[in-house]
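Novice: The numbering used here applies: residue 204 is where the sequence shown begins, and numbers increase by one.
Even glycine gets a Cβ: it sits at the ideal position worked out from N, Cα and C.
Quick caveat, the model's predicted, so the values are computed rather than measured.
Below is the structure I would like to discuss, written out as structure tokens.
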Amino acid sequence: RYNRHLDREKARAMTIEQVLSEVPVSDRPVWEAAFGGFAAAWNAAWQHVKMFQCREIPEMFRDLTMSLDCTVSFCLPCEQDEGICPLALVQHLATEHNAMVFSVDERMLMSSRQEHHAQTRSRLVSSRHLTAAHTIRYDLEDELIPFFEKQCMTQSGYDFGKAEARLIDHHLLRVPAIDLEMRVFTYSHEQHLRGGLAPLKAKIVQAELPIEIQEAIVRELGSPTRASAILEMLETVVSFITATGGSFVATLDTSVRDLSLSLYIKNVLLMEEGVELGRVITTNVQLKHLECLWNVLTDMCVIDPMAGVSMRYKDALAPDDAAALHAYLGKLNESEKNDLVGVMKSYITQQVRNQPQH
204 RYNRHLDREK ARAMTIEQVL SEVPVSDRPV WEAAFGGFAA AWNAAWQHVK MFQCREIPEM
264 FRDLTMSLDC TVSFCLPCEQ DEGICPLALV QHLATEHNAM VFSVDERMLM SSRQEHHAQT
324 RSRLVSSRHL TAAHTIRYDL EDELIPFFEK QCMTQSGYDF GKAEARLIDH HLLRVPAIDL
384 EMRVFTYSHE QHLRGGLAPL KAKIVQAELP IEIQEAIVRE LGSPTRASAI LEMLETVVSF
444 ITATGGSFVA TLDTSVRDLS LSLYIKNVLL MEEGVELGRV ITTNVQLKHL ECLWNVLTDM
504 CVIDPMAGVS MRYKDALAPD DAAALHAYLG KLNESEKNDL VGVMKSYITQ QVRNQPQH
């Protein structure tokens with residue numbers, strides 16, 4: 204809903220309560236339940252989270268209690284500023300989960316039930332496919348404590364072996380380990396591939412789509428939501444192309460330039476089911492048009508494409524320089540002006556952006 208549509212400053216000003224109030228009434232219970240689970244996990248575990256990868260959690264974030272009054276920026280995972288908090292929390296929870304799973308594996312392999320466990324040993328499941336059935340679930344008050352009181356208390360003391368066997372057999376034995384794969388949030392005005400599109404242009408020489416095709420794409424897609432979904436797909440395409448051949452292949456064969464984008468997605472990436480590209484993109488866009496398509500889609504998603512450009516590059520031109528620029532532009536035909544604007548816009552938005560603060 205908000206990916207690529209919400210800028211960082213607005214996310215830092217908007218509270219969770221305001222976000223929930225914008226959700227349609229029919230969908231609100233699902234959103235409220237999701238946030239309730241996230242807040243409960245945060246408030247139970249955040250005090251134990253000290254690091255994200257090799258970075259310490261900043262002191263200013265360590266005592267935060269998650270509530271409806273918190274800003275939504277603390278719930279949107281990204282790799283800088285407060286966005287590292289939800290990433291660090293999920294990483295911590297996955298690590299604790301896997302530690303328990305591996306402890307059960309070790310315990311079973313050292314016990315007399317080793318052969319049986321070899322057949323039921325926990326598998327690995329991607330976090331993208333994780334459901335409640337893959338988690339450790341138990342009812343402490345109504346299930347575990349009554350069982351322990353009735354079945355594990357003996358005249359000679361407490362039967363820890365029986366309690367352990369109950370926990371393993373009923374709650375832990377078939378729980379899989381988690382392979383953590385998290386999508387990060389992309390703020391509007393920050394929608395650019397790492398390293399920009401330069402690696403793509405090194406592999407495949409890019410060309411502009413005709414203006415009428417660009418306008419037809421905008422008309423057909425019609426909304427930032429569809430444009431955003433295709434942009435995500437485009438990121439995958441560009442990443443695969445730039446990785447093709449590694450450092451041994453500087454430029455791909457010229458025949459690759461003319462390969463249809465839709466056929467590349469279907470036949471090379473083997474992604475038959477996915478984002479609907481639309482008739483105009485499917486019919487007209489080839490791999491040599493990826494940069495142009497990227498710019499068209501970005502313009503649809505971002506109100507001001509220059510918003511992320513550092514203020515040091517936004518000083519007004521001196522009157523003489525402005526007059527000279529106007530005189531030069533007056534000598535260009537419309538096609539030459541479009542080419543110049545495209546080149547300058549690509550350079551400015553990719554090379555002179557604000558640098559992330561770490």
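Please report how far the alpha carbon of K253 lies from the alpha carbon of V483, in whole angstroms.
Specialist: Distance between the alpha carbons of K253 and V483: 49 Å.
Novice: If you draw a straight line from the alpha carbon of W234 to that of T389, how long is it in whole angstroms?
Specialist: Between W234 and T389, the C-alpha separation is close to 20 Å.
Novice: Look up R258 in the DSSP assignment and say whether it is helix, strand or coil.
Specialist: Reduced to three states, the DSSP call for R258 is strand.
Novice: Below 7 Å between beta carbons: does that hold for K406 and T445?
Specialist: A contact, by the Cβ cut-off of 7 Å.
Novice: Mind checking Y550: buried by the 16 CB within 10 Å criterion, or exposed?
Specialist: Exposed, since its Cβ has fewer than 16 Cβ neighbours within 10 Å.
Novice: Check L400 in the structure and name its three-state DSSP category.
Specialist: Looking at L400 - three-state DSSP - the assignment turns out to be coil, as it is neither helix nor strand.
Novice: Buried or exposed: which applies to P289, given that a residue is buried once 16 or more other Cβ atoms fall within 10 Å of its Cβ?
Specialist: Answer is buried; the Cβ neighbour count reaches 16.
Novice: Does Q489 come out as helix, strand or coil in the three-state DSSP assignment?
Specialist: Reduced to three states, the DSSP call for Q489 is strand.
Novice: Would you call the CB atoms of L434 and L480 closer than 7 Å?
Specialist: No, Cβ-Cβ distance for L434 and L480 is not below 7 Å.
Novice: How many Å lie between A432 and K213 at the Cα?
Specialist: Taking the straight line joining both Cα atoms gives about 21 Å.
Novice: If you count every other CB in all the chains shown that lies within 10 Å of the CB of A430, and 16 or more means buried, which is it?
Specialist: Buried, because 16 or more other Cβ atoms sit within 10 Å of the Cβ of A430.
Novice: Taking 7 Å as the cut-off, decide whether the C-beta atoms of V478 and M436 are in contact.
Specialist: Yes, these two residues count as a Cβ contact at 7 Å.
Novice: How many angstroms separate the CA atom of M327 from the CA atom of A335?
Specialist: According to the sequence as given, residue 327 is Leu; it is not Met. Answer to the nearest angstrom: the Cα atoms are 15 Å apart.
Novice: Does DSSP put T357 in a helix, in a strand, or in coil?
Specialist: In this structure, T357 counts as strand in the three-state DSSP scheme.
Novice: For A401, count the other beta carbons within 10 Å of its own beta carbon; 16 or more makes it buried, fewer makes it exposed. Which is it?
Specialist: Answer is exposed; the Cβ neighbour count stays below 16.
Novice: Could you compute how far the alpha carbon of V459 sits from the alpha carbon of H332?
Specialist: So the two alpha carbons sit approximately 34 Å from each other.
Novice: Using the Cα positions of E352 and E367, report the straight-line distance between them to the nearest angstrom.
Specialist: Cα to Cα, E352 sits roughly 14 Å from E367.
Novice: Just tell me which of A244, S513, D210, T298 has its CA closest to the CA of E384.
Specialist: Minimum Cα distance to E384 is reached at T298.
Novice: If you run the structure through DSSP and keep just helix, strand and coil, what is T268?
Specialist: T268 falls in the coil class under three-state DSSP.
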